[in-house]
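Heads up, the sequence shown is in full-length UniProt numbering, so the first residue is 2 and it goes up one at a time.
Where is the CB? At the ideal position from N, CA and C, for every residue including glycine.
To start, the structure under review is shown below, and the notes come after it.
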Amino acid sequence: TKWVLSFGDGSAEGRADMKNLLGGKGANLAEMSNLGLPVPPGFTITTEVCTYYYDHDHSYPPELNDQVRAAVARVGELVGAGFGDAANPLLVSVRSGARASMPGMMDTVLNLGLNDETVEGLANSAGGDRRFALDSYRRFIQMYGDVVLRVDHAAFEDILEGVKDTRGVSLDNELSVEDLEQIVSLFKEEVERETGQPFPQDPEAQLWGAIGAVFSSWMNDRARTYRRLHDIPASWGTAVNVQAMVFGNMGETSATGVAFTRDPSTGEKVFFGEYLINAQGEDVVAGIRTPQLLTKASRERSGEDKPSLEEAMPAVFAELERVYQALETHYRDMQDIEFTVQRGKLWMLQTRSGKRTSRAALKIAVDMVDEGLITEAEAILRVEPSSLDQLLHPTLDPEAVRDVIARGLPASPGAASGKIVFTADDAERLAKLGDKVILVREETSPEDIHGMHAAEGILTSRGGMTSHAAVVARGMGRPCVSGAGHIRIDYRKGEMSVLGRVFNAGDVITIDGAAGEVMAGAVATIQPELSGDFGRLMVWADGHRRMKVRANAETPADARTAREFGAEGIGLCRTEHMFFEDDRILAVREMILSDREKGRRAALEKILPMQRQDFVELFGIMTGLPVTIRLLDPPLHEFLPKSDEDIQAVADVMDADPEHMRRRASELHEFNPMLGHRGCRLGISYPEIYEMQARAIFEAVAEVKRDAGETVTPEIMIPLAATRREIDILKALIDRVAAEVAQASGLELHYLVGTMIELPRAALRAGEIAESAAFFSFGTNDLTQTTFGISRDDSASFLDDYIEQGVFEKDPFVSLDRDGVGELVQIAAERGRKTRPDIKLGICGEHGGDPSSIAFCEEVGLDYVSCSPFRVPIARLAAAQAAI
Ligand code: PEP
Ligand code: MG
2 TKWVLSFGDG SAEGRADMKN LLGGKGANLA EMSNLGLPVP PGFTITTEVC
52 TYYYDHDHSY PPELNDQVRA AVARVGELVG AGFGDAANPL LVSVRSGARA
102 SMPGMMDTVL NLGLNDETVE GLANSAGGDR RFALDSYRRF IQMYGDVVLR
152 VDHAAFEDIL EGVKDTRGVS LDNELSVEDL EQIVSLFKEE VERETGQPFP
202 QDPEAQLWGA IGAVFSSWMN DRARTYRRLH DIPASWGTAV NVQAMVFGNM
252 GETSATGVAF TRDPSTGEKV FFGEYLINAQ GEDVVAGIRT PQLLTKASRE
302 RSGEDKPSLE EAMPAVFAEL ERVYQALETH YRDMQDIEFT VQRGKLWMLQ
352 TRSGKRTSRA ALKIAVDMVD EGLITEAEAI LRVEPSSLDQ LLHPTLDPEA
402 VRDVIARGLP ASPGAASGKI VFTADDAERL AKLGDKVILV REETSPEDIH
452 GMHAAEGILT SRGGMTSHAA VVARGMGRPC VSGAGHIRID YRKGEMSVLG
502 RVFNAGDVIT IDGAAGEVMA GAVATIQPEL SGDFGRLMVW ADGHRRMKVR
552 ANAETPADAR TAREFGAEGI GLCRTEHMFF EDDRILAVRE MILSDREKGR
602 RAALEKILPM QRQDFVELFG IMTGLPVTIR LLDPPLHEFL PKSDEDIQAV
652 ADVMDADPEH MRRRASELHE FNPMLGHRGC RLGISYPEIY EMQARAIFEA
702 VAEVKRDAGE TVTPEIMIPL AATRREIDIL KALIDRVAAE VAQASGLELH
752 YLVGTMIELP RAALRAGEIA ESAAFFSFGT NDLTQTTFGI SRDDSASFLD
802 DYIEQGVFEK DPFVSLDRDG VGELVQIAAE RGRKTRPDIK LGICGEHGGD
852 PSSIAFCEEV GLDYVSCSPF RVPIARLAAA QAAI
């Protein structure tokens with residue numbers, strides 16, 4: 002087996018489409034080599050080695066050793082140096098590289114191959130620059146010590162700061178050769194003290210140490226958390242990239258930088274990035290020094306005075322421009338690139354499709370269609386449906402008063418207010434309690450991911466647009482302001498100060514990630530516009546999808562929002578929500594607590610006009626569109642009065658004894674209400690309830706017809722049926738009421754009676770149920786609950802354990818379980834269609850707004866999905882993607 006693939010010198014054994022085997026980074030390094038771009042030579046150890054490593058008790062395939070040795074030798078030949086050669090040493094970088102970019106794993110070890118001897122050789126080949134060689138060596142010990150040998154990196158920082166203090170200098174580059182020699186030996190002592198072993202001097206041992214660290218980082222906590230949040234399977238594994246070092250820290254003609262071929266925040270077609278002169282790779286990303294801008298235009302726009310790369314190194318910039326344009330045309334997508342300039346020569350270290358805000362994703366996709374680079378269908382596939390959420394995020398109300406306390410970089414758009422927290426753990430803890438929080442850090446690291454996820458927004462005092470905080474926040478769709486340099490954070494005291502004002506943990510602030518502003522207190526926000534690029538992409542998506550998208554809505558406000566977002570009808574109107582409105586609940590309780598039909602009917606008489614009015618409004622908003630109305634579903638248990646006050650109130654209107662009421666309430670109490678007296682079981686026991694609801698619906702249809710001349714065809718839906726008989730009984734009742742209303746109004750009424758499929762038995766008996774039901778709507782919330790036998794309300798206590806241990810890949814209440822619940826859906830669809838070929842099929846569980854579940858619905862051939870109003874655009878896009 003070939004476990005190692007080489008690249009560099011204008012050719013490569015891999016290609017861009019070999020991401021599964023080579024990881025993203027490795028595949029793209031190979032592709033860039035094949036394109037003839039300047040890539041330092043190197044090789045990729047495949048993800049299959051990672052799989053082997055975990056299948057074989059952390060050991061490697063026997064052939065690996067020889068293959069790695071040969072690949073190292075080849076790299077040495079190409080650059081004219083030898084691994085471990087004291088006179089002319091080959092140095093390499095070692096980086097992880099999974100299929101999807103994954104912060105949280107071991108990132109990088111640079112300068113590997115340095116030891117007490119080769120450091121002198123490096124000084125020689127750098128024209129006698131010992132300072133540079135020693136600085137590289139101390140960086141290597143520090144990085145290797147930290148990520149491979151697991152020596153606390155703060156220990157190295159302390160040593161470094163200590164030496165700087167005694168020398169009375171504040172910047173690294175003010176240290177003398179002797180200082181660096183001292184730091185190197187103190188670093189080595191620290192390693193020996195912490196690990197009990199001297200710092201490894203053998204380059205081969207160093208290399209295998211780094212390779213092992215990459216593979217074991219695949220299973221560290223941070224990587225696992227990241228995979229869980231991003232649905233990345235553990236089985237993918239990571240590759241390892243070993244590449245000849247090039248140095249951006251060889252003096253003033255050297256530099257390192259990161260760039261995007263278009264603006265990752267706005268999507269604008271401008272080359273965008275940052276660089277540092279005389280610095281090494283990770284300095285830009287880590288946000289340690291504030292970087293300079295790449296283009297003259299962006300420098301002028303920002304009012305920055307340090308020269309741009311375009312001005313400082315015009316020839317290099319011209320070459321970089323040529324390269325980035327070639328990359329964008331080749332990949333037909335916005336690229337995120339890393340480069341290093343070693344003594345005036347440009348080297349490309351990475352290219353990948355760039356992370357971007359959803360606004361940028363949209364603009365880039367739409368622009369690229371206009372530029373003729375991609376097709377409409379490709380543009381549809383370029384935008385992650387769930388990322389549209391970001392576009393639906395609020396922005397600051399321009400009228401609102403703002404007390405701006407600091408400015409930073411507009412790292413990720415959206416506005417958010419919340420309480421200040423200073424640690425990721427606090428963010429997570431308070432968010433679980435329902436607080437909105439803003440995570441405030443000097444800078445973030447992969448350890449903070451869970452807190453960034455829990456926070457409404459992120460604020461950092463250091464770091465640029467490509468800092469960890471900025472990149473991750475954009476990916477997550479969290480507003481972020483980074484590098485707000487005037488903010489001083491004191492983690493120990495739990496406070497931040499800015500120009501003399503002090504804010505404590507728990508104080509509310511607002512950040513505007515689009516403007517880069519930080520404000521005291523909460524500032525009013527407004528909802529965004531849904532036109533422009535968003536509108537165009539949605540029109541394309543609508544042209545490509547087969548399934549209709551409806552909304553789950555019952556209030557007029559929700560129904561209006563749903564229509565604004567493009568819903569094509571209502572797929573689920575939960576009538577019980579109407580029962581909870583203001584004074585109605587009293588009448589509802591009166592109805593429930595009556596022990597006789599007569600009393601119930603009297604109470605229902607009070608509810609009827611209100612319910613009818615609800616439907617009149619709903620039909621008005623949904624003119625010309627289908628409206629599916631579900632008859633009462635929840636257990637009456639949920640409506641019972643609990644406090645003495647509530648019981649007294651019902652007793653008063655009913656002119657009854659409160660004690661009697663209390664007894665009746667306790668009779669109706671259920672131990673397992675979700676499997677209890679609910680759904681169509683209510684209609685069977687208390688037909689007068691469904692009768693009232695059917696009457697309200699039909700009278701509303703008649704009223705709308707009479708007053709507005711509109712014909713509405715309601716789809717009346719029976720919940721939680723398990724048998725055909727239930728539907729037959731209730732359908733007869735509905736038909737009878739329809740006939741009565743038709744007779745009384747003299748109008749012809751059109752309607753459908755159908756059922757939800759929420760129980761495994763209903764799915765299995767769908768063939769006969771379809772004889773009575775004109776449509777099925779899959780209630781996958783209940784169907785998931787009843788298929789797994791897991792309570793929707795009480796599963797949180799063990800769900801994390803189940804996901805952690807791989808029993809569930811994802812929460813089955815969020816993403817449809819294709820294997821089990823999905824099979825039931827499929828069976829029901831097939832059997833239903835067999836009986837009634839034109840049966841209408843839809844889904845109205847939460848899964849109707851989940852992109853991967855929507856893809857499943859397309860496979861099964863459902864006619865529509867229905868989801869909450871805010872997810873309608875997501876569903877429209879996901880349905881289009883599923884159909885392409
Ligand atoms: C369902 O069960 O999927 C459903 C839509 O109904 P509810 O969530 O109201 O039980
Ligand atoms: Mg249900």
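Item to complete: Would you kindly check if the distance between the Cβ of Leu842 and the Cβ of Asp783 is under 8 Å?
Response: no
Worksheet item: Cys681: beta carbon under 7 Å from a heavy atom of ligand 3?
Response: No copy of ligand 3 occurs in the structure displayed; its ligands are ligand 1 and ligand 2 alone.
Worksheet item: Is Arg333 buried or exposed, if buried means 16 or more other CB atoms sit within 10 Å of its CB?
Response: Burial call: exposed.
Worksheet item: From this set, Arg323, Ala240, Glu312, which residue's C-alpha is nearest Thr262's C-alpha?
Response: Comparing Cα positions, the closest option is Arg323.
Worksheet entry | Local Cβ density within 10 Å of Ala723, reported as buried at 16 or more and exposed below that | buried
Worksheet item: Are there 16 or more other CB atoms within 10 angstroms of the CB of Asn66, so buried, or fewer, so exposed?
Response: exposed
Discussion item. Under DSSP, the beta strand (DSSP E) around Thr257 begins and ends at which residues?
Written reply: 256–261
Worksheet item: In terms of alpha-carbon separation, which member of Val178, Asp108, Gly821 lies closest to Asp147?
Response: Asp108
Worksheet entry | Validate contact between the segment 585–600 and the segment 659–670 using beta carbons, cut 8 Å, 3 pairs | yes
Discussion item. Ligand 2 and Gly517: does the residue's C-beta get closer than 7 Å to at least one heavy atom of that ligand?
Written reply: no
Discussion item. Let me confirm a value: Asn242 is counted as buried when at least 16 other C-beta atoms fall within 10 Å, else exposed. Which label applies?
Written reply: buried
Worksheet item: Under a Cβ-count criterion, where at least 16 other Cβ atoms within 10 Å of its own Cβ denotes burial, should Glu457 be classed as buried or exposed?
Response: buried
Discussion item. Is the beta carbon of Thr576 closer than 8 Å to that of Glu555?
Written reply: Less than 8 Å divides the Cβ of Glu555 from the Cβ of Thr576.
Item to complete: Kindly list the residues whose CB is nearer than 6 Å to the CB of Leu176, restricted to its own chain and excluding five residues on each side of it in sequence; keep chain order.
Response: none
Discussion item. Taking the beta strand (DSSP E) that Ser854 belongs to, which residues open and close that run?
Written reply: Looking at the DSSP string, Ser854 is not in any beta strand (DSSP E); the run it does join, the alpha helix (DSSP H), is 852–861.
Fill in: Whole-angstrom C-beta distance between Pro636 and Gly677, which should lie under 8 Å
5 Å
Discussion item. Is Asn782 a contact residue of ligand 2, with contact defined as CB to any heavy atom under 7 Å?
Written reply: yes
Worksheet item: Beta-carbon separation of Asp513 and Ala416 under 8 Å?
Response: yes
Fill in: Ser12 to Leu36 span [Cα, whole Å]
Those two C-alpha atoms are separated by around 8 Å.
Discussion item. Just to confirm my understanding: we take His848, look at its own chain, exclude 5 residues before and 5 after, and list those with CB closer than 6 Å. What are they?
Written reply: Excluding sequence neighbours, His848 sits near Thr781, Leu817, Ser854.
Discussion item. At a threshold of 7 Å, does Leu878 count as lining ligand 1 (C-beta to nearest heavy atom)?
Written reply: no
Item to complete: Tell me whether the beta-carbon of Phe789 lies closer than 8 Å to the beta-carbon of Gly833.
Response: Between Phe789 and Gly833, the C-beta gap is not smaller than 8 Å, which leaves the two residues out of contact.
Worksheet item: Do Gly238 and Trp219 have their C-beta atoms within less than 8 Å of each other?
Response: yes
Worksheet item: Does ligand 1 have even one heavy atom less than 7 Å from the beta-carbon of Glu759?
Response: Look at Glu759: its beta carbon is less than 7 Å from one of the heavy atoms in ligand 1.
Worksheet item: Between Glu320 and Val342, what straight-line distance do the alpha-carbon atoms span, to the nearest angstrom?
Response: 11 Å
Worksheet item: DSSP beta-bridge partners for Val438?
Response: Lys420.
Worksheet item: Can we count Asp818 as close to ligand 1, meaning its CB is less than 7 Å from some heavy atom?
Response: Asp818 Cβ: outside cutoff for every heavy atom of ligand 1.
Discussion item. If the criterion is Cβ atoms closer than 8 Å, does the pair Glu443 and His469 meet it?
Written reply: no
Worksheet item: Quick one: does the C-beta of Asp491 sit closer than 7 Å to a heavy atom of ligand 2?
Response: no
Worksheet item: Which whole-angstrom value is the C-beta distance of Met349 and Met33, which I expect to be below 8 Å?
Response: 6 Å
Fill in: Cα-Cα separation between Ala523 and Ala516, rounded to whole angstroms
16 Å
Worksheet item: Is Gln198 helix, strand or coil when you go by DSSP?
Response: coil
Worksheet item: Count the other CB atoms within 10 Å of the CB of Val540; is the residue buried (16 or more) or exposed (fewer)?
Response: exposed
Discussion item. Looking at Ala701: is its Cβ nearer than 8 Å to the Cβ of Val617?
Written reply: yes
Discussion item. Could you compute how far the alpha carbon of Arg564 sits from the alpha carbon of Pro874?
Written reply: 11 Å
Item to complete: Take Leu734 and list the residues in its own chain whose beta-carbon comes closer than 8 Å to its own, dropping the five residues that flank it on each side.
Response: Here the set comprises Gly684, Pro688, Tyr691, Glu692, Ala695.
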